[in-house]
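Here's the structure, in structure tokens; my notes come after.
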Amino acid sequence: MKLKKFFALCMATVMAFSVAACGGSSDSSSDSSSDSSGAESGAAGGGGADVGDVDLDDLTIAYLNVTDSLAPWPQYIKEDFQAICDDNGWTLIGYDGQGDVNTQTDEVASVISDGEADLAVLFAVSSDSGVQYVQDLTDAGIPVITFGSDVSEDGRSNVKCYVGVDQELLVDLSAEYAIENEPEGAKYMVLSGFEGQYDYIARSAETTKVFDEAGFEMLGDINYCGASRSEAADFATTLLNQYGEDMNFIFCHSDEFALGAMQAVEEAGLTGKVHIYSMETFQETLPYLEDGTISSSVTMTSQAVADKLGEVIPKVMSGESVDYDQSIDQVLVTSDNASEYDGTLQY
Amino acid sequence: MKQAEKLPVKEDSKVVKFFKRNNIILILILVYAAAALLASPGLLGGKKNTFFTVSNTYDLLTLVGVYGILAMGLTFVFIVGGIDLSIGYQVAFCAAIFAVMARSGVNVILAMVITLVCGCAVGYLNGTIVTRIGIPPLIGTLAVMTALKGIVYIICPDSLSVGSATLAGNTLSAVYKLGGAITLPVILIVILTVVFTIFLKYTVTGSNFYITGGNFEAGMLSGINPNRLSRIAYTLGGFCSALCGLLLCFRTNTATYNMGDGIDITAICAIVVGGVKMQGGRGNMAMCIMGVAVIQIITNVMNKLHYSTAVVALVTGIVVILVLILDRFTSGRDVLDD
Numbered sequence: 028m029k030l031k032k033f034f035a036l037c038m039a040t041v042m043a044f045s046v047a048a049c050g051g052s053s054d055s056s057s058d059s060s061s062d063s064s065g066a067e068s069g070a071a072g073g074g075g076a077d078v079g080d081v082d083l084d085d086l087t088i089a090y091l092n093v094t095d096s097l098a099p100w101p102q103y104i105k106e107d108f109q110a111i112c113d114d115n116g117w118t119l120i121g122y123d124g125q126g127d128v129n130t131q132t133d134e135v136a137s138v139i140s141d142g143e144a145d146l147a148v149l150f151a152v153s154s155d156s157g158v159q160y161v162q163d164l165t166d167a168g169i170p171v172i173t174f175g176s177d178v179s180e181d182g183r184s185n186v187k188c189y190v191g192v193d194q195e196l197l198v199d200l201s202a203e204y205a206i207e208n209e210p211e212g213a214k215y216m217v218l219s220g221f222e223g224q225y226d227y228i229a230r231s232a233e234t235t236k237v238f239d240e241a242g243f244e245m246l247g248d249i250n251y252c253g254a255s256r257s258e259a260a261d262f263a264t265t266l267l268n269q270y271g272e273d274m275n276f277i278f279c280h281s282d283e284f285a286l287g288a289m290q291a292v293e294e295a296g297l298t299g300k301v302h303i304y305s306m307e308t309f310q311e312t313l314p315y316l317e318d319g320t321i322s323s324s325v326t327m328t329s330q331a332v333a334d335k336l337g338e339v340i341p342k343v344m345s346g347e348s349v350d351y352d353q354s355i356d357q358v359l360v361t362s363d364n365a366s367e368y369d370g371t372l373q374y
Numbered sequence: 128m129k130q131a132e133k134l135p136v137k138e139d140s141k142v143v144k145f146f147k148r149n150n151i152i153l154i155l156i157l158v159y160a161a162a163a164l165l166a167s168p169g170l171l172g173g174k175k176n177t178f179f180t181v182s183n184t185y186d187l188l189t190l191v192g193v194y195g196i197l198a199m200g201l202t203f204v205f206i207v208g209g210i211d212l213s214i215g216y217q218v219a220f221c222a223a224i225f226a227v228m229a230r231s232g233v234n235v236i237l238a239m240v241i242t243l244v245c246g247c248a249v250g251y252l253n254g255t256i257v258t259r260i261g262i263p264p265l266i267g268t269l270a271v272m273t274a275l276k277g278i279v280y281i282i283c284p285d286s287l288s289v290g291s292a293t294l295a296g297n298t299l300s301a302v303y304k305l306g307g308a309i310t311l312p313v314i315l316i317v318i319l320t321v322v323f324t325i326f327l328k329y330t331v332t333g334s335n336f337y338i339t340g341g342n343f344e345a346g347m348l349s350g351i352n353p354n355r356l357s358r359i360a361y362t363l364g365g366f367c368s369a370l371c372g373l374l375l376c377f378r379t380n381t382a383t384y385n386m387g388d389g390i391d392i393t394a395i396c397a398i399v400v401g402g403v404k405m406q407g408g409r410g411n412m413a414m415c416i417m418g419v420a421v422i423q424i425i426t427n428v429m430n431k432l433h434y435s436t437a438v439v440a441l442v443t444g445i446v447v448i449l450v451l452i453l454d455r456f457t458s459g460r461d462v463l464d465d
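For the record, the sequence lines run as chains Y and L.
Anchor point for the first sequence: position 144 equals 171 in the numbering used here, and the numbering is continuous, going up by one each time.
Anchor point for the second sequence: position 281 equals 408 in the numbering used here, and the numbering is continuous, going up by one each time.
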């Protein structure tokens, strides 16, 4: 009998819930909120959906991030961009892709079905699947700006502009500094991030190309350390034990790995003999850059990406023409200028 | 003594009996109602309800379709008392193989058939490792998962676009949306649910799956070959993983190295929530699909309300535990026997 009452109560609750939920629920249907009728033609550098008649003071932005938590860079871009949105009175609807293409695909579908966004800014988990995302968003009348990592070339005609890092330049700045400072035929090892992640693949390809052209010899293969400093230290220790002073330098695809490499070099008693070149300057590495323990790094600040987004969005949404490529400034940091960055970096 | 004889025997009503046996239906109704309430304008300060819309319902059906197909494969494995931890990477492996063939200009239909055969082969390999070599399924399928992960990283180090591959003149993503709002996964899951249900309920092999999972020894003594049936179940699991991989590949025209990350756990949770017993011998496709629906509704509504990933994971975990507790109470004797 008690169970009967329980079920009856459940059913009554369901009815109540449904009535409550239906009340005032206006079905959005699959149409986007950005009304393309009478829209100004997208005059921006890229193509994509026409920009509708949008009030810039009441802008709703779907922010499709590659991850909110697995890596600091996208995490801080979001924080910095949130502050810019708050200042401008824009509404930011955040989506955490969790580094997973399936999750991000679901999120794109959600942005379209919700129909709330006037604009989508996309840091795609995969540059290839990003092509489909921008296509779907454009078909739904939502203009798209990519940031952090661009979509593959096939999809760029649907993108207003790309804001982010020039991965090749990032590698080139630090690699050229290494080429200037290392002897001919120098031997080096590479510490990279996640195997399979677009950014690190691009950095690995450029590293190999630049140093091959310089006649340098890579010891072993690219070592993928995920996001782990200790794994970087382990890889470096192994190769330092094997090659010792025969190794001239360690080339790191992030300061996270440079800090691990630094520890391994120190433990091997080779500080000053085996040099470390890096990128993605951290606040934590600045003292080591100042004293030369780490030879170089390259800035790639989240604030710069967020600022650039804040700068181009009003232009794009008012139909103004902008260049497709909106790369942020990337600067080589060495002992000469490291002190200038002290206190300016988020992490 | 006389008094005791007069005590009326408590008989559960038909409704109660039904819900005791199928509490996933009750759970599904409650979860959907709770989701609708949470997303209601009343609680959101007048904001638009983006959960209770036609377009979101179609999205939900698509999600249930994609992940439901994967979960159905695993349901076969569960029914025979096994487990397959490699399904996530089977999905990624099959998607990668398909993408490689499609971008190389292999006929898409042929590529699909080869992919499905590859999925079945991996499933059969799992079944063989478990039944012929005698390695516990948890360890054996974990090893296969690790090997598949390595292969996927080699084939597909970042992501592989299927390029300009078309099927009957349509791009693959267009094929995925061929039915408009009713997408290909929804159509497929309806067909597969019917086919698999008939297979489990009305064929000797299907019925013997339950005997294999329920009592392996009795199965042996009654003359069926439980090892062979287990291999068939794992092979069907591989087939469903391959189908899921194809659908995910069609959806974005791309295969990625981490395509299978996490979906294995989602499928396992969904099946457990659906009431399919991990110990084997109990479960059906309807339970499985409803379990998937429960998990997808929770994830969907939490995403609509813009909760962080951490909160979504926490809530999903709590719901799984609550469902298991409810299951313990409502189907008391069965569960205790397990």
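C-beta atoms are modelled at their ideal positions from N, C-alpha and C, and glycine is treated no differently.
- N176 (chain L) and A166 (chain L) have their C-alpha atoms some 5 Å from each other.
- Setting aside the 5 residues that flank it on each side, S184 (chain Y) is surrounded in the same chain by G74, each with a C-beta closer than 6 Å to its C-beta; the list follows chain order.
- Per the Cβ contact rule, the stretch 163-182 of chain Y is not in contact with the stretch 208-216 of chain Y (fewer than 3 Cβ pairs under 8 Å).
- Boundaries of the beta strand (DSSP E) harbouring F278 (chain Y): 276-279, taken from the DSSP string.
- Inter-segment contact for the stretch 378-389 of chain L and the stretch 198-218 of chain L is present: three or more beta-carbon pairs are separated by less than 8 Å.
- The beta-bridge partner set that DSSP reports for N430 (chain L) is empty.
- Scanning L:A248, L:A161, L:A223, L:C371 for the CA closest to the CA of V442 (chain L) turns up L:A161.
- Taking 8 Å as the cut-off, the beta carbon of V302 (chain L) is found no closer than this to the beta carbon of A226 (chain L).
- By the neighbour-count definition (other C-beta atoms within 10 Å, threshold 16), Y194 (chain L) is a buried residue.
- For C283 (chain L), the closest of L:G246, L:P264, L:A222 by C-alpha to C-alpha distance is L:A222.
- Under DSSP, Q353 (chain Y) shares a beta bridge with Y:V190.
- If you draw a straight line from the Cα of S154 (chain Y) to the Cα of D114 (chain Y), it comes to about 31 Å.
- Taking CB atoms only, S366 (chain Y) has no neighbour in chain L less than 8 Å away.
- Shown here, S140 (chain Y) sits in a helix according to DSSP, grouped into three states.
- Distance from the CA of S255 (chain Y) to the CA of E283 (chain Y), rounded to the nearest whole angstrom, comes to 7 Å.
- Residue burial is scored here from C-beta neighbours: G254 (chain L) has at least 16 other C-beta atoms within 10 angstroms and is therefore classed as buried.
- When the beta-carbon positions are compared, V358 (chain Y) and L197 (chain Y) stay at least 8 Å from each other.
- With a minimum length of 3 residues, the unbroken runs of beta strand (DSSP E) contained wholly in the stretch 316-402 of chain L fall at 381-383.
- Measuring C-alpha to C-alpha distances from V244 (chain L) to each of L:I392, L:F366, L:I314 identifies L:F366 as the nearest.
- Chain L places a beta carbon closer than 8 Å to that of Q125 (chain Y), counting this residue as a contact.
- Looking from the CA of D84 (chain Y), the closest CA among Y:D107, Y:S179, Y:T118 belongs to Y:T118.
- When only Cα atoms are considered, L374 (chain L) and T180 (chain L) end up about 24 Å apart.
- Contact check for D123 (chain Y) against T436 (chain L) passes: the beta carbons are separated by less than 8 Å.
- Fewer than three pairs of CB atoms, one per stretch, sit closer than 8 Å, so the stretch 328-338 of chain L makes no contact with the stretch 255-270 of chain L.
- When 7 Å is used as the limit between beta carbons, T383 (chain L) is near these residues of chain Y: V128, S153, S156, in chain order.
- Put simply, of L:I452, L:N430, L:V438 the residue whose alpha carbon is nearest the alpha carbon of T132 (chain Y) is L:N430.
- Neighbours of T443 (chain L) across chain Y, judged by C-beta separation under 7 Å, do not exist; the nearest C-beta is about 13 Å away.
- By the 16-neighbour rule on beta-carbons within 10 angstroms, N234 (chain L) is exposed.
- Setting aside the 5 residues that flank it on each side, L190 (chain L) is surrounded in the same chain by Q423, each with a C-beta closer than 6 Å to its C-beta; the list follows chain order.
- For G200 (chain L), the enclosing alpha helix (DSSP H) covers residues 181-206.
- Listed along chain Y are V128, S153, S154, D155, S156, Y225, each with a C-beta nearer than 8 Å to that of S286 (chain L).
- Taking a C-beta distance under 8 Å as the contact criterion, Y351 (chain Y) and A205 (chain Y) do not qualify as a contact pair.
- F205 (chain L) is positioned such that its CB atom lies closer than 8 Å to that of G407 (chain L).
- The shortest C-alpha to C-alpha distance from L286 (chain Y) to any of Y:A144, Y:I111, Y:A263 is the one to Y:A263.
- Residue-level contact by beta carbon holds for S179 (chain Y) and chain L, with a gap shorter than 8 Å.
- Annotated three-state conformation of T258 (chain L) is helix, per DSSP.
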